[in-house]
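In our numbering, the protein residues as written are -6 to 607.
Working notes for the structure below.
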């Protein structure tokens, strides 16, 4: 009883409450500063440690000074507070060392990681049946084995066999024990639940060394034929896991070029700022997006200064400039941004002449400059085009798995009229990328190169794969309309207009008006195939747009194709001339073009007069 009376007299509860409130406010403030990149990551765990270590100090202070009236500091209090401070100092040092050690481990190259730290080493554990007594039990086992087969086909991954993971079937074993036994860094765990009409599959990626989940997904499918459903879900889950695992591996690969922890932290913060910028740009908040991009560039500049030999921050600054170009430049001239990006690419290549990312950056900036007509002379445009192709090829030669460079090379080859080579490049991108980092763009290239080759079966295949995997991507509504333009197509015109509405609705801010007119042109092509020439002419005329909507006159080029199919050759040549006058650098590609789109015009002498001959 006397102890309780002393505690009340010394107001211990009040002291601790005030201390806890103050500590919480400090942590909130530190968290905000850390989140905005004003303080390094280590400050938050350090502040938390000091606040926790300070609790005994608050108790000691309350005991000696909590009672009302004036109290002196006795020697015992001094010794106790000194001991608390010493403990806090030792623990704080341990926290700082642990943080820096974990950061250094995180930036170690993949080849230097132990088997239990390497995320490419994967074990798919048997999925848990959450609906006992139903067919979900059979599905969970079959799905696990089908998923092992799917992931085993990816050369970049080491996947444990069925026999290996069977050791842990139905067992509850800590992730680190499984990791050590199977020598893997990533565990795939999942559950299967069956209801009357649905099958639900939840799947997650878990770090074997730490037991932490770093990615997860959930799928629902209507209950159908069991084996068909099994293969469908296994394929979908494999794609999702490859993408999520790719994000983890990309982080390791990109940051393994330096042992400077502070520079690595700056790069991480820049990535966070860039993610925020992309989100804000998608919400049409250009001013806020510009601010976050500026913050990202400043953080990358700090990383570059801290680790001058590390090319990644420099290259990332170049990609940041390119993103600003693609987002409209935020009020700055696009030519200036491209030059800024080229400067960063040049500095990266001075330090690492064969760096695949830097070569791809320089190629991309040169190619974009070509595409948006920032050169006026055809000869200069041809030289720019050639340099871009050389750099793209250099990038994939340096790293054959550089999927995004293969994909961009595919686009360039389409513009060069080398359709078959373009499709091969797109296939190299899709098949050679174990983590499908650029799959949406690559699928689009595969679709359009198949369309250029007049291969309706392949075009439909890639369009369907893209529609299934990227349901919110407007291009995979667009591709469904384009298929109606093929020879021999039997268009469903009402369906085409419905797809147009979906295409426009999914379009990013600023492209709705252009995509609405573009879809009208493609529907006009479909109406030609449906043998409705008058309707086609009316729709094509309605699709025309001024330079504000169509600055590069792409709609004129598409309409020229449709007019040639209608036999309106005079109008087709006028439209083609308008397109080439706006895009003089494209003339060269028309000289070599052998695709089926303009085959009716190539036999007319006016075609050679307009584009020239070799």
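Note that CB positions come from ideal geometry on N, CA and C, so glycine has one too.
Remember, it's a predicted structure, so these values are computed and weren't measured experimentally.
Item	Value
Rounded to a whole number of angstroms, what is the C-alpha to C-alpha distance between residue 302 and residue 341?	9 Å
Measuring straight from C-alpha to C-alpha, what distance separates residue 136 and residue 201?	21 Å
For the putative contact between residue 152 and residue 199, defined by C-beta atoms under 8 Å, what is the C-beta separation to the nearest angstrom?	With a Cβ gap of about 15 Å, residue 152 and residue 199 do not count as contacting.
Assign residue 112 to buried or exposed, taking buried as 16 or more other Cβ atoms, counted over all protein chains shown, within 10 Å of its Cβ.	buried
Within 10 angstroms of its Cβ, does residue 190 collect 16 or more other Cβ (buried), or is it exposed?	exposed
In the DSSP assignment, find the alpha helix (DSSP H) that holds residue 599 and state where it starts and stops.	598 to 604
Between which two residues does the beta strand (DSSP E) carrying residue 183 extend?	179 to 187
Measure the CB-CB distance between residue 227 and residue 140 and report whether it falls below 7 Å.	yes
Could you tell me which residues DSSP puts in a beta bridge with residue 192?	187 and 214
Which one of 46, 337, 294 and 298 has the shortest CA to CA distance from residue 315?	337
For my contact list, residue 357 and residue 401 are in at a C-beta cut-off of 8 Å; report their separation, rounded to the angstrom.	6 Å
Using beta-carbon positions only, say whether residue 522 and residue 482 come within less than 7 Å of one another.	yes
Alpha carbon to alpha carbon, how far is residue 299 from residue 170? Give it in angstroms, no decimals.	39 Å
Can you tell me the Cα-Cα spacing of residue 75 and residue 44, whole angstroms?	16 Å
Terminal residues of the continuous alpha helix (DSSP H) containing residue 553?	547 to 559
Would you be able to state if there are at least three C-beta pairs under 8 Å between the region 549 to 560 and the region 531 to 538?	yes
Using the three-state DSSP reduction, which class does residue 445 fall into: helix, strand or coil?	helix
Contact defined as beta carbons within less than 8 Å: I believe residue 364 pairs with residue 306. What is the distance between those atoms, to the nearest angstrom?	At roughly 27 Å, the Cβ-Cβ gap does not stay under 8 Å, so residue 364 and residue 306 are not in contact.
So, are the CB atoms of residue 285 and residue 269 less than 7 Å apart?	yes
Can you grab the Cα-Cα spacing for the pair residue 434 / residue 48, in whole Å?	55 Å
Helix, strand or coil for residue 114? Go by DSSP, reduced to three states.	strand
In the DSSP assignment, what are the bridge partners of residue 568?	Beta-bridge pairing links residue 568 to no other residue.
Give me the DSSP bridge partner(s) of residue 206.	199
I think residue 474 touches residue 515, with their Cβ atoms under 8 Å apart; what is that distance to the nearest whole Å?	5 Å
By Cβ distance below 7 Å, which residues in the same chain neighbour residue 322 in space, the five residues on each side in sequence not counted?	Residue placement at residue 322 is flagged as unreliable, the pLDDT there being 42, under the threshold of 50; a coordinate-derived value is accordingly withheld.
Could you check whether residue 461 and residue 492 sit closer than 7 Å to each other, using their CB atoms as the reference points?	no
Excluding the 5 residues flanking residue 592 on each side, which residues of the same chain have their C-beta closer than 6 Å to its C-beta?	none
Count the other C-beta atoms from every protein chain shown that fall within 10 angstroms of the C-beta of residue 333, then say buried if there are 16 or more, exposed otherwise.	buried
Determine, using beta carbons only, whether residue 138 and residue 155 come nearer to each other than 7 Å.	yes
Distance, Cα to Cα, residue 273 vs residue 266?	10 Å
Between the Cα of residue 291 and those of 310, 532 and 448, spot the shortest distance and give me the residue it belongs to.	310
Quick check: what's the CA-CA separation for residue 595 versus residue 566?	11 Å
Verify whether the separation of the beta carbon atoms of residue 367 and residue 398 is less than 7 Å.	no
What would DSSP say about residue 121, mapped onto helix, strand or coil?	strand
Out of 480, 421, 468 and 463, point me to the one whose CA is closest to residue 450's CA.	480
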